[in-house]
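What follows is a single structure, written as structure tokens, with notes after it.
Numbering (the UniProt record's numbering), first residue to last: 1 to 484.
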């Protein structure tokens, strides 16, 4: 791709520049497709590996735990590396690492390679922050549109990857590992075609904040992921939760201080900027209110009404097909978000995202006995999901210097991951406390889940009311905090 960082001076040059930016966004969307497929295609594969690889349910649970830990820990690390050592360089290495994981599981599918591959796949969380850094340095005016396209692609390919893997692996689940291979090949090609952009600050990463943050995330995510298995009052769960909170509090203290050498892991002084603080809080509650429901959604759809008193008796492939409806809604909402923020306002779009998400859970609460009603609730869920994912990611970097783009985007991804983890643990606690004698979840359990998640979505909307567009005052706050 050509260098498009200079401002075109003639109509013809401007047209060439716009085409170059369009090619750039398309290439980024194709890279993000690998992220979506690799996050979605394991859902139907792992539960089916009991026969081919003799993997037990406990081992599958361990694999998901490793995945959750990887997503939480890798997010800030990859983002920070992008600001320090270059967005394109870090992105190329990230795509290569994910591609190695994809190939490893496809060529040599064993328990060991699946565990290694799942860890390598978690590096996809850095794709969007790194590509936002490239896009913002290249043409900041297209950041919102580019983020909307990338998030839309992510939403669509997460559902599409799961569905495609379900079809390919119907007879032999090991074949489904090949679903992501062509996407990896395309992503590698696109990553090598992207232009270089931005100037790395080459600031070393502070070791103590990195260690305390990483260990704190590992402990906290382990507690939230394993609480339902160990027991929420078990000593291991409590120790991990308390230890995680203490370590993260220590990290917050370390990374909130001024550093004469400019060394941080994730500079939490960014939260002094009102816009960034608002987006971070809203993102946490958006994550809590949305993705944490997906496992419970599958349980509800799979349940037989004659046995449980609810559900539609869908098999895993039918559930994946239905999820495509929600994914398409998310895709469309993501593409429309940039336009919405211009027409309705940034704050209005954030509030609307929370209200629509909450409305989806209200519809599920009221109309869960009807298949059409349940699908309507999932469509609203998908619309709210796509809108907030696109809006929060785009706004998470506005008002901050360009050389903090990936780190700021990574902080937002971290807030999302923590919201999802804690939301999922709350859902699991509700499920565990509402099991019937025959092992089904009582309907009151789902009712409580829908009410809790609707409330969390409304909290996200309420937090969004404090959002204000970045102004000159924002730059003054950033300067006062040593961010520029």
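Using N, Cα and C, we set each Cβ at its ideal position, and we do this for glycine too.
- Shown here, residue 188 sits in a helix according to DSSP, grouped into three states.
- In its chain, beyond the 5 residues on either side, 302, 303, 304 and 305 have a beta carbon closer than 8 Å to the beta carbon of residue 313.
- With 16 or more other Cβ atoms inside 10 Å of its own Cβ, residue 39 counts as buried.
- Residue 427 and residue 296 do touch by the CB rule: their CB atoms are close to 6 Å apart, below 8 Å.
- Boundaries of the alpha helix (DSSP H) harbouring residue 316: 316-343, taken from the DSSP string.
- The Cβ atoms of residue 411 and residue 84 do not sit closer than 9 Å to each other.
- The beta-carbon separation of residue 457 and residue 358, rounded to 4 Å, stays under the 8 Å limit for a contact.
- In this structure, DSSP gives residue 441 an extended state, which the three-state scheme calls strand.
- When secondary structure is reduced to three states using DSSP, residue 400 falls in the coil class, being assigned neither helix nor strand.
- Taking all protein chains shown into account, residue 423 has 16 or more neighbouring C-beta atoms within 10 Å of its C-beta and is therefore buried.
- In chain order, 326 place their CB closer than 6 Å to the CB of residue 378, counting only its own chain and leaving out the 5 sequence neighbours on each side.
- Per DSSP, reduced to three states, the secondary structure at residue 352 is helical.
- Contact between residue 94 and residue 123 is confirmed by a C-beta separation of about 5 Å, below the 8 Å threshold.
- Judged by pairs of C-beta atoms under 8 Å, the region 29-38 touches the region 183-190, as three or more such pairs exist.
- C-alpha of residue 331 to C-alpha of residue 380: approximately 12 Å in a straight line.
- In chain order, 46, 114, 115 and 118 place their CB closer than 7 Å to the CB of residue 63, counting only its own chain and leaving out the 5 sequence neighbours on each side.
- Counting along the chain, residue 167 sits inside the alpha helix (DSSP H) bounded by residues 143-168.
- DSSP, reduced to helix, strand and coil, places residue 194 outside both helices and strands of the structure shown, so it counts as coil.
- CA-to-CA, the gap between residue 265 and residue 287 works out to about 23 Å.
- Nearest neighbour of residue 52 by Cα position, chosen from 455, 173 and 443, turns out to be 173.
- For residue 134, the uninterrupted alpha helix (DSSP H) segment begins and ends at 127-138.
- One alpha carbon belongs to residue 397, the other to residue 101, and they sit about 30 Å apart.
- Counting only the Cα atoms, residue 90 lies some 22 Å from residue 415.
- When only Cα atoms are considered, residue 421 and residue 10 end up about 50 Å apart.
- In this chain, the alpha helix (DSSP H) harbouring residue 388 covers 371-395.
- Contact between residue 121 and residue 222 is ruled out by a C-beta separation of about 19 Å, above the 8 Å threshold.
- 160 is the residue among 355, 160 and 171 whose C-alpha sits nearest the C-alpha of residue 183.
- Judged by beta-carbon spacing, residue 308 lies within the 9 Å limit of residue 443, meaning their Cβ atoms are closer than that value.
- Rounded to whole angstroms, residue 155 and residue 383 show a C-alpha spacing of 11 Å.
- Just measuring C-alpha positions, the residue of 434, 386, 431 and 394 sitting nearest residue 152 is 386.
- Closest option to residue 164, judged by alpha-carbon separation, among 321, 241 and 388: 321.
- Sequence-distant partners of residue 247 (beyond 5 residues in either direction) whose C-beta falls short of 7 Å from its own C-beta, in its chain, are 212, 215, 216 and 219.
- Note: residue 435 is bridge-paired with 441 in the DSSP secondary-structure output.
- Here residue 47 carries a helix assignment [DSSP, helix/strand/coil].
- Only exposed fits residue 438, as fewer than 16 other CB atoms lie within 10 angstroms of its CB.
- For the pair residue 413 and residue 129, the CB atoms are nearer than the 9 Å cut-off.
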